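Asker: Here's a structure for you.
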Amino acid sequence: MFNRYFVDNVSKQIVFVCATISLLILFLIVIFILKEGFPAFTNIGLAKFLFGTEWSLKEEEFSILPLIIGSILATLGTVVMATPLSIACAVFLSEVAPRRISSLLRQAIEVLAGIPSVVYGLVGMIMLVPIIRQLGGSGYSLLAGIVVLTIMVLPTMVTITEDSLRAVPVSYKEAALALGATQWQAIWMVLLPAARSGITAAFILGMARAIGETMAVYMVIGNAFAIPRTLLDPSRTLTSHIVGQILESAAGSLHLSALFAVGIVLVVFILVFNSIAFLIRRKTL
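If you're matching positions, the sequence shown starts at 80 in the working numbering and goes up one per residue.
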């Protein structure tokens with residue numbers, strides 16, 4: 080009895096220490112980013128930094144409106160493409176496919192989720208960019224970034240949507256079928272509405288994943304510091320801008336502080352998306 084109590088107590092303490100260390104590391108990272116980024120806000124001005132359209136090392140003018148617009152357009156385009164695909168795939172896995180095929184496809188989706196983003200970017204450069212080039216421009220464009228991001232966020236959105244559909248009580252579908260509904264009517268009119276909170280959470284988490292993705296986007300989006308007018312124009316996102324500029328910055332410079340300020344804006348975006356998704360999923364429990 081004593082040994083069992085001792086082991087239980089020690090296990091609780093170990094878990095507590097590990098959780099505390101994890102939270103402390105996260106807290107220190109946030110503090111460091113804020114410390115390095117706030118000088119840019121004070122020297123440049125928050126409004127000018129967020130809503131200006133110039134980024135010049137020579138003139139030391141730094142503003143990020145084209146980056147914000149590029150990130151928002153890439154994220155919205157990704158979610159518009161990925162949402163119907165993820166819902167269709169999740170419905171097929173949970174309601175249509177035989178169990179064996181569903182299991183195989185689920186494993187394939189898990190493999191897709193584990194592929195490094197640089198591999199997606201490389202495939203996009205070799206296969207996707209030449210195809211888009213036929214439509215006009217260089218091929219390195221906002222559209223290329225959206226397509227690559229869509230492929231990358233699909234595993235996350237499919238998994239969450241499928242889990243939400245499987246969480247709907249079987250009695251809902253059985254009741255609909257007993258009332259004379261077809262299988263597709265039951266799915267469309269009963270299961271999907273019942274799982275809408277989980278689907279919405281998948282939608283928002285997909286946005287958070289898309290806006291935070293870096294290397295794959297950097298490799299195909301064109302990285303032009305300008306507001307894109309069409310999907311075929313090159314663009315630049317918050318994350319790709321940090322990657323492209325970090326090696327050119329000097330320690331202690333306003334340029335480096337501005338890049339950390341870009342990171343602060345990015346963290347705020349992701350925090351908002353994740354918080355909304357958490358509240359939605361919590362509401363369903």
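Glycine included, each C-beta is placed from N, C-alpha and C at the ideal position. Here the structure is a predicted model, which is why all the values come from computation and not from measurement.
Report yes if the CB atom of Ala-260 is closer than 9 angstroms to the CB atom of Ala-356, and no otherwise.
Answerer: Cβ distance not < 9 angstroms, so Ala-260 and Ala-356 don't count as in contact.
Asker: Ignore the nearest five residues each way along the sequence and tell me which others in Gly-215's own chain have a CB closer than 8 angstroms to its CB.
Answerer: Within the same chain, Gly-215 has close Cβ partners Leu-311.
Asker: To the nearest angstrom, report how far apart Gly-149 and Asn-88 are at their CA atoms.
Answerer: Taking the straight line from one Cα to the other gives about 51 angstroms.
Asker: Taking the alpha-carbon of Arg-275 as reference, which of Phe-304, Leu-244, Leu-129, Gln-264 has the nearest alpha-carbon?
Answerer: The residue with the shortest Cα to Cα distance from Arg-275 is Leu-244.
Asker: If you draw a straight line from the C-alpha of Gly-116 to the C-alpha of Phe-141, how long is it?
Answerer: C-alpha separation (whole angstroms): 12 angstroms.
Asker: If you follow the alpha helix (DSSP H) that Trp-263 is in, where does it begin and where does it stop?
Answerer: First-last of the alpha helix (DSSP H) with Trp-263: 262 to 265.
Asker: Determine, using beta carbons only, whether Trp-134 and Ile-143 come nearer to each other than 9 angstroms.
Answerer: In this structure, Ile-143 lies closer than 9 angstroms to Trp-134 by Cβ.
Asker: Out of curiosity, what's the CA-to-CA distance linking Ala-161 and Ile-306?
Answerer: About 23 angstroms.
Asker: Quick one: using the 10 Å Cβ neighbour count with 16 as the cut-off for buried, is Phe-111 buried or exposed?
Answerer: With fewer than 16 Cβ atoms within 10 Å of its Cβ, Phe-111 is classed as exposed.
Asker: Is Ser-314 helix, strand or coil when you go by DSSP?
Answerer: Strand, per DSSP.
Asker: Buried or exposed, going by whether 16 or more other CB atoms sit within 10 Å of the CB of Phe-352?
Answerer: With 16 or more other Cβ atoms within 10 Å, it is buried.
Asker: For a test of the three-state rule: what should DSSP assign to Gly-63, helix, strand or coil?
Answerer: Summary: the structure shown does not reach residue 63, with the chain confined to residues 80 through 364, and so no result is reported for it.
Asker: Tell me which residues share the same chain as Asp-242 and place their Cβ nearer than 8 angstroms to its Cβ, disregarding the 5 neighbours each side in the sequence.
Answerer: Only Gly-277 meet the Cβ criterion.
Asker: Under a three-way DSSP split, which group does Glu-174 fall into?
Answerer: Here Glu-174 sits in helix by DSSP.
Asker: Touch check for the region 229 to 243 and the region 169 to 187: three-plus C-beta pairs under 8 angstroms?
Answerer: Flag = yes, the region 229 to 243 and the region 169 to 187 touch.
Asker: Can you tell me where the alpha helix (DSSP H) holding Thr-229 begins and where it ends?
Answerer: Run containing Thr-229: 221 to 246, per the alpha helix (DSSP H) assignment.
Asker: Tell me whether the beta-carbon of Glu-327 lies closer than 9 angstroms to the beta-carbon of His-320.
Answerer: The answer is no: Cβ separation not under 9 angstroms.
Asker: Indicate whether the contact test is met: 3 or more Cβ pairs, each with one atom in the region 221 to 241 and one in the region 297 to 304, closer than 8 angstroms.
Answerer: The region 221 to 241 is in contact with the region 297 to 304.
Asker: Give the secondary structure of Ser-217 by DSSP, where H, G and I count as helix, E and B as strand, and everything else as coil.
Answerer: Note: Ser-217 maps to coil in three-state DSSP.
Asker: Should the region 181 to 198 be called in touch with the region 340 to 350, which here means at least 3 C-beta pairs below 8 angstroms?
Answerer: Segments in contact, no.
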